Amino acid sequence: MVVTTTPTIEGRPIQDYLGIVTGEVIVGANLFRDLFANIRDIVGGRSGSYERILRDAREQAIQELQAECGSLGGNAVVGVDLDYEVIGDTGSMLMVSASGTAVRI
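Just add 14 to wherever you are in the sequence shown, counting from 1, and you've got our numbering.
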């Protein structure tokens with residue numbers, strides 16, 4: 015399945031527009047991971063554990079987007095937008111959402 019941020023797919027005309035599809039994933043922060051991330055922020059460097067969680071959440075949101083597109087009979091999603099939001103009373107959770115338009119090419 016083609017998933018793209020562009021509104022069209024070069025050389026592949028869109029036959030049908032099937033509607034907006036979304037995928038959302040919410041992940042909670044781990045206390046120990048937070049502790050080590052804070053230490054890393056103090057001494058410098060990248061937080062590999064947070065980067066992995068963010069990458070996994072993004073991939074899961076895109077997979078949900080693809081599944082919803084497939085259930086509508088589509089074989090591509092165009093105009094994909096990814097959003098990241100910190101949520102929860104203490105900002106302890108991260109939401110990754112993906113949205114786009116399901117199409118048949």
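Cβ atoms here follow ideal geometry from the backbone N, Cα and C, with glycine treated the same way.
Fair warning: this is a prediction, and the values are worked out from it, not measured in the lab.
Under the three-state reduction of DSSP, Glu-24 is assigned to coil, being neither helix nor strand. Distance from the Cα of Val-110 is smallest, within the candidate group Asn-89, Val-91, Tyr-31 and Asp-70, for Asp-70.
Here Ala-90 is buried. Its C-beta has 16 or more other C-beta atoms within 10 Å.
Secondary structure of Leu-79 (DSSP, three-state): helix. Annotation for Val-17: Ile-76, Leu-79, Gln-80, Ala-90, Val-91, Val-94 and Gly-114 place their beta carbon closer than 8 Å to its own, counting only its chain and skipping 5 residues before and after.
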